[in-house]
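Chemist: Letter by letter, the sequence shown follows residues 2 to 288 of the working numbering.
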Amino acid sequence: MIRPLSILVGLGFSVAVLWAFGSGAYVAMTEGTGELSAEYAIHEKPHGPEGGFSFEGPLGKFDRAQLQRGFQVYKEVCAACHGLKFVAFRNLQEIGFNEAEVKAIAAATPVPGIDRNTGEATTRSGLPTDYFPSPYANDVAAAAANNNAIPPDLSLMTKARKDGSNYVYSLLKGYGEPGDPEVMAKYPEFETGAGLYFNKYFKNVNIAMAPPLTTDGQVTYAEGNPEPTIQQMSADVAAFLSWAAEPKMEERKKTGLWFLGFMIFVTILAYLSKKQVWAGLKTGRKD
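See below:
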């Protein structure tokens with residue numbers, strides 16, 4: 002009795018597997034036959050700046066000069082709408098600012114505070130121990146000032162998006178008008194909605210954020226730095242936000258390389274020990 006029952010159970014599982022495989026294959030063969038949406042056809046994959054970022058790869062390191070330029074772009078452009086709630090002013094020493102510069106940057110930034118006499122909310126000059134504040138008091142105020150869209154905090158932005166550093170770089174320089182005549186001829190009904198902006202690197206190519214970088218030279222770099230083109234400023238602030246999201250990246254890479262070297266050493270040591278221990282047994286030698 003048990004044997005026939007087990008056979009029936011096995012047949013049932015087999016039928017279920019075959020049914021799932023067959024239905025999946027049918028969907029795969031028929032799903033892609035429909036016409037692609039205009040957004041899907043226009044959207045382009047994010048890419049990095051020419052030559053890539055200096056911190057890419059197992060041996061990559063942050064370019065401190067680029068991080069400082071990126072912070073300047075963030076402070077003069079992005080900070081008007083976006084906060085950095087996981088980055089403290091004192092952390093800027095890690096990218097090359099000295100203590101006096103950090104104190105000056107913090108002091109020039111108003112942060113939320115409490116009036117000691119009345120207990121009411123107020124603002125005060127920042128301290129190096131403070132974290133970068135949000136430019137808005139709350140989400141309601143943020144939405145009201147930005148076409149009902151809440152600007153996200155940028156502390157972890159490059160980790161929150163796939164291929165984050167390249168995504169931020171591409172997005173910032175990707176504003177404009179649909180440029181491929183062939184694609185637009187195929188989708189004449191496509192248009193950017195009211196209050197939205199076309200960006201070919203955004204998922205549905207219509208984004209609520211207005212172009213933050215609109216002209217070359219929008220931020221003035223110190224002498225000796227590259228020309229502040231839109232592409233250069235985009236790359237610099239993308240690098241800065243990558244550091245903000247992973248400030249310990251260089252240490253992590255060093256630790257990984259040290260551990261890899263240690264494992265190679267242990268592997269060689271284990272192999273030599275194995276040869277020494279088993280050599281006599283393989284040859285039949287008795288010591």
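In this text, a Cβ means the ideal position worked out from N, Cα and C, and glycines have one as well. For clarity, every value in this text was computed on a predicted model and none was experimentally measured.
If we ignore side chains and look at the alpha-carbon of each, how far apart do Phe-263 and Lys-255 end up?
Modeler: Those two C-alpha atoms are separated by around 12 Å.
Chemist: Looking at Ser-171: is its Cβ nearer than 8 Å to the Cβ of Tyr-132?
Modeler: Not a contact, by the Cβ cut-off of 8 Å.
Chemist: Between Ala-107 and Leu-85, is the Cβ-Cβ spacing less than 8 Å?
Modeler: Taking 8 Å as the Cβ cut-off, Ala-107 and Leu-85 do not qualify as a contacting pair.
Chemist: Looking only at its chain, what residues have a beta carbon closer than 6 Å to the beta carbon of Thr-34, apart from the 5 residues adjacent to it on each side?
Modeler: Low confidence applies here, because Thr-34 scores a pLDDT of 49, under 50, leaving its location unreliable; read the following figure in that light. So the list is empty, once near-sequence residues are dropped.
Chemist: Mapping DSSP to helix, strand and coil, what is Thr-34?
Modeler: A caution first: Thr-34 carries a pLDDT of 49, below 50, which makes its placement in the model unreliable, though a value can still be read off. Looking at Thr-34 - three-state DSSP - the assignment turns out to be coil, as it is neither helix nor strand.
Chemist: How do the segment 110-128 and the segment 159-169 stand: do at least 3 beta-carbon pairs fall below 8 Å, yes or no?
Modeler: No, the segment 110-128 does not touch the segment 159-169.
Chemist: Give me the residue from Trp-20, Ile-151, Ile-43 with the minimum Cα distance to Tyr-188.
Modeler: Out of Trp-20, Ile-151, Ile-43, Ile-43 has the C-alpha closest to the C-alpha of Tyr-188.
Chemist: Any idea if Leu-1 is buried or exposed, counting beta-carbon neighbours within 10 angstroms, 16 or more meaning buried?
Modeler: A query on residue 1 cannot be resolved here, the shown segment of the chain reaching from 2 to 288 and no further.
Chemist: According to the Cβ coordinates, are Pro-136 and Ala-211 closer than 8 Å?
Modeler: Contact flag unset, no.
Chemist: Give the C-beta separation of Asn-148 and Gly-225 to the nearest angstrom, bearing in mind that I take them to be a contact with Cβ-Cβ under 8 Å.
Modeler: About 39 Å separates the two Cβ atoms, so there is no contact after all.
Chemist: How many angstroms separate the CA atom of Glu-252 from the CA atom of Gly-61?
Modeler: Between Glu-252 and Gly-61, the C-alpha separation is close to 11 Å.
Chemist: How many Å lie between Thr-268 and Trp-279 at the Cα?
Modeler: Thr-268 and Trp-279: Cα-Cα distance of roughly 16 Å.
Chemist: Are the segment 69-78 and the segment 225-245 touching, with three or more C-beta to C-beta distances below 8 Å?
Modeler: Contact between the segment 69-78 and the segment 225-245 is present, because at least three Cβ pairs lie under 8 Å.
Chemist: Could you name the residues that DSSP lists as bridge partners for Phe-126?
Modeler: Checking the sequence shown, residue 126 turns out to be Ser, not Phe. Answer is Pro-111.
Chemist: Applying the 10 Å Cβ sphere with the 16-neighbour rule, what's the burial state of Phe-260?
Modeler: Exposed: under 16 other Cβ atoms inside 10 Å.
Chemist: When DSSP labels each residue in this structure, what does Ala-138 get in the three-state scheme?
Modeler: Residue state, collapsed to three classes: coil.
Chemist: What are the residues that DSSP puts in a beta bridge with Leu-172?
Modeler: Per DSSP, none; premise fails for Leu-172.
Chemist: Distance, Cα to Cα, Ser-243 vs Ser-38?
Modeler: Using only the alpha carbons, I get a separation of about 32 Å.
Chemist: Can you name, in chain order, every residue of its own chain whose Cβ lies under 6 Å from the Cβ of Glu-77, other than the five neighbours on each side?
Modeler: Answer for Glu-77: Val-220, listed in chain order.
Chemist: Taking the alpha carbon of Met-250 as the point to measure from, which residue in Pro-50, Lys-46, Gly-58 has its own alpha carbon closest?
Modeler: Looking at the Cα atoms, Gly-58 is the closest of the given residues.
Chemist: Anyone know if the C-beta pair for Val-88 and Val-238 falls short of 8 Å?
Modeler: No, these two residues do not count as a Cβ contact at 8 Å.
Chemist: In whole angstroms, give me the CA-to-CA distance for Phe-241 and Gly-257.
Modeler: So the two alpha carbons sit approximately 23 Å from each other.
Chemist: With DSSP as the reference, please indicate the residues paired to Ala-80 in a beta bridge.
Modeler: In DSSP, Ala-80 forms no bridge with anything.
Chemist: For the beta strand (DSSP E) containing Val-238, list its first residue and its last residue.
Modeler: Taken as a continuous stretch (DSSP letters only), Val-238 belongs to no beta strand (DSSP E), being part of the alpha helix (DSSP H) at 231-246.
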